[in-house]
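Before any comments, here is the structure.
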Amino acid sequence: MFKTITKLFSKQKKEEKVSAITIYTDETGEIFVDLQIKDYSDISIDHLSGLLSMYNPAAFVEVNNVIRNQCKNSGEEDLHEKIFTKFLEKVGTSFFLPEGKKETNEPCIKPDQMI
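The numbers in my numbering rise by one with no breaks, and the one at position 61 of the sequence shown is 393.
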């Protein structure tokens, strides 16, 4: 019991954020996305892609557009490519398919339908 109490009052080591996403709106209702990333290392990008994988596909598209625009404005187009590539490695392309649908490798038009 005393260990729990001493933990409560002892100084806790402040953990440094590796990556973070903050979404907020202003009074007009415009949506803003703040990205915080410690550095451009593979570990930081991997953590950021993990955060992005928590969004549903529609929300991810909006957040991805903001990330792309922010990277473009800061001259870091390759950073967006790294983030998106790592994201696809983590979740796969089936992430963007509607629920219940499976990825197929069949052609859109079957050969017997061409006649």
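Note that beta-carbon positions come from the ideal geometry of N, C-alpha and C, so glycine has one too.
Because the structure is a prediction, the values reported are computed rather than measured.
Item, Value
"Enclosing beta strand (DSSP E) for S274 [first to last residue]", "An answer regarding residue 274 cannot be provided, because it is not within the stretch 333 to 447 covered by the chain."
"Per-residue burial, I441 [other beta carbons within 10 Å of its own, 16 or more giving buried]", "exposed"
"Which of helix, strand or coil DSSP assigns to L420", "helix"
"is_contact[C440, chain C] using C-beta, thresh 8 Å", "Given the protein chain composition of this structure (a single chain), no chain C is represented."
"At least three beta-carbon pairs within less than 8 Å, the region 408-423 to the region 370-381", "yes"
"Candidates T425, E348, T360, V395, of which the one nearest L367 by Cα", "V395"
"Close Cβ partners of I355 (< 6 Å) along its chain, the five nearest in sequence each way excluded", "V365"
"Residues bridged to Q368 (per DSSP)", "A352"
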